[in-house]
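In UniProt numbering, the protein residues as written are 1 to 657. Heads up, the beta-carbon is just placed ideally off N, CA and C, and yes, glycines get one too. This report concerns only the one structure given below.
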């Protein structure tokens, strides 16, 4: 800054000095007038010079400020008109009142003044009304970051097109790792000769290599049943858009030869290191296989998962090796524990109660104290008759305890066995999961994203008809001193019969083997029918639900209950099952209010439609042919509209999560 621009702060001091000089000058005049005259002339000259210098400085300062003010104003005008930033003023009714010339570059007209803000983007006016401070819009193919100054009714638009392109390029070029697994390869090829096995390998490899070549994917076979694929994010977007048609290609080719071989993909994505991508890919593959295979699971670094495929029922395993290994592991875990607690899901059904009794017998066969957690206030009418019969058997009933007693009993050395569910939010008492480090999960549902953390042992087989079937197989490999009473074996058989709809759905050869074993132990089929009996008023209420059904599209029936009338989950599930028996119906959905204030949806399918994927989009889950969900803070009408939108997306855009 020039010196003359600085304020003359010493002027006040100068006047004080001059005042002192005048006093001294008076003394000099008094004693030596000649000297006083000379000093007076010098002082007068000095005062004149100081005043003149200060005045010149003030004049120069004013002139500089005036010049600077003009330049700043000129620069402001230039910046307003020439700066590469869009500036728009709008009126109270969202009409453009003024825009700088920069904005004219992105419109065909000479000016946009007088136009609505919709002329720039349909999103602008809603964002201004919603009091948002920033919004991204697209004008003539350019991406703009728009800052909204609501008080001044002013918009600043910053061109971020190049930045967006760089970001997209970065996203598109991120590495993606995938592990491809041939489902049931060992079971399928174990009875084949070398020629047939080589032919199968050649066909599958040829299809995968062609697929990889078409999309620019690096593919490497790492074992007989496993491939490693490396791609980038852009290729993955293309594959997702095509809904991974490779799943259908392999399934259709192999099915023509009556060999049910399918693929499962585990894909890891995200801006993480390669080892972490590998872990994500393996975790995704485990999830896909846990859900029955024939599908793609994509997991990113935040833990979110997307699914594609899963259109076929999982093929039943042909060997009992896994059941024997799991049974042996269960025996060791039980023997190493202090006690055993067994817990099913909330509002337990016959499968959950029957499986719990089966695990109780495993603990007793290994001489360990055990108990079954059951909430007496959360017993559904569908299982009420079974519970009443168990209550009559004092030897069995005293092993059932409420959640409060279980929380007092549990220690760090307790083995907690969760049956018929794998979701922490679904268990009877979630606090028990954190009270012990030893948790076993036994379930027949397809694995969902939500899963019990760090279980010691997991036995999940989506091919199985029920958890009771899995537990029955485990019982067969326990110590020979294991004895099942008539009621205990009947409870297990009831779980199988209910979940298979009397051996009509999801029934394999091993389902009949398990039922045969239970029958040999004294299971009473007549008693099962008594458990399954229903009251007349329940039948009438279910009939009302069925009466309200209508066909939405392509053989899909949707029924809704009356507003204000609540139905239990068993009734709406039975209504969905009944609708599925109607001519022309391939899938059914029943929606009603529940006693807990939520909206319940039960879904059924003959297999052509994956109702599990549809229900997962509504925070539910289940099987390909049998699924359900519960929605909070909504109405029957809104739930139905949401369901219809998801069904439309399923048919028009694929079955993703």
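Within 10 angstroms of the beta-carbon of residue 56 lie fewer than 16 other beta-carbons, which makes it exposed.
The segment 601–610 makes contact with the segment 577–588; the number of CB pairs closer than 8 Å reaches 3 or more.
Inclusion of residue 373 and residue 428 in the CB contact set at 8 Å is warranted, their separation being smaller than that value. From the listed residues 533, 97, 450 and 492, the smallest Cα separation to residue 516 is found for 492. Note that the segment 464–484 does not touch the segment 588–605; fewer than 3 beta-carbon pairs, one per stretch, sit closer than 8 Å. A contact is defined here as three or more CB-CB pairs under 8 Å, and the segment 350–360 meets this definition with respect to the segment 478–496. Judged by their CB atoms, residue 448 and residue 423 are nearer to each other than the 8 Å cut-off. Between residue 347 and the set 635, 568 and 89, the nearest pair of CA atoms involves 568. By the C-beta density criterion, residue 196 is exposed, having fewer than 16 other C-beta atoms within 10 angstroms. In the displayed model, residue 343 falls within a strand according to three-state DSSP. Here residue 599 carries a strand assignment [DSSP, helix/strand/coil]. For residue 220, the secondary structure class from DSSP, reduced to helix, strand or coil, is strand. Annotation note: the segment 153–189 contains the following uninterrupted beta strand (DSSP E) runs of length 3 or greater, listed N- to C-terminal: 154–159 and 175–183. In this chain, the beta strand (DSSP E) harbouring residue 589 covers 587–593.
Counted as a single uninterrupted DSSP element, the alpha helix (DSSP H) harbouring residue 213 occupies residues 194–215. Non-local beta-carbon contacts of residue 218 in its own chain, meaning distances under 6 Å to residues more than five positions away in sequence, involve 230 in chain order. Counted as a single uninterrupted DSSP element, the alpha helix (DSSP H) harbouring residue 335 occupies residues 321–336.
Between the C-alpha atoms of residue 380 and residue 244 there is a straight-line separation of about 41 Å. In the three-state scheme derived from DSSP, where H, G and I count as helix and E and B as strand, residue 473 is classed as helix. Between the beta-carbon of residue 420 and that of residue 344 there is about 5 Å, and that keeps the pair under the 8 Å contact cut. When 365, 563 and 578 are compared, the shortest CA-CA separation from residue 599 is found for 563. Using a Cβ distance threshold of 8 Å, residue 350 and residue 494 count as a contacting pair. For residue 371, the uninterrupted beta strand (DSSP E) segment begins and ends at 370–373.
Under the three-pair Cβ rule at 8 Å, the segment 183–192 does not count as touching the segment 151–165.
Within a 10 Å sphere around the beta-carbon of residue 172 sit fewer than 16 other beta-carbons, which makes this residue exposed. About 15 Å separates the CB atoms of residue 177 and residue 215; that is not less than 8 Å, and the two are not in contact. For residue 300, the closest C-alpha among the options 353, 340 and 236 is that of 236. Distance between residue 170 and residue 233, taken at the CA atoms: about 9 Å.
In this structure, DSSP gives residue 499 a helical state, which the three-state scheme calls helix. The criterion of a C-beta distance shorter than 8 Å is satisfied by residue 263 and residue 180.
Sequence-distant partners of residue 566 (beyond 5 residues in either direction) whose C-beta falls short of 8 Å from its own C-beta, in its chain, are 592, 593, 594 and 595. Boundaries for residue 85: no alpha helix (DSSP H) harbours it, and the DSSP string shows neither H nor E there. For residue 297, the enclosing beta strand (DSSP E) covers residues 295–299. For residue 384, the enclosing alpha helix (DSSP H) has its first and last residue at 381–392. Two segments are said to touch when three or more pairs of C-beta atoms, one from each, lie closer than 8 Å; by this definition the segment 535–554 does not touch the segment 386–397. Residue 406 and residue 547 have their C-alpha atoms some 44 Å from each other.
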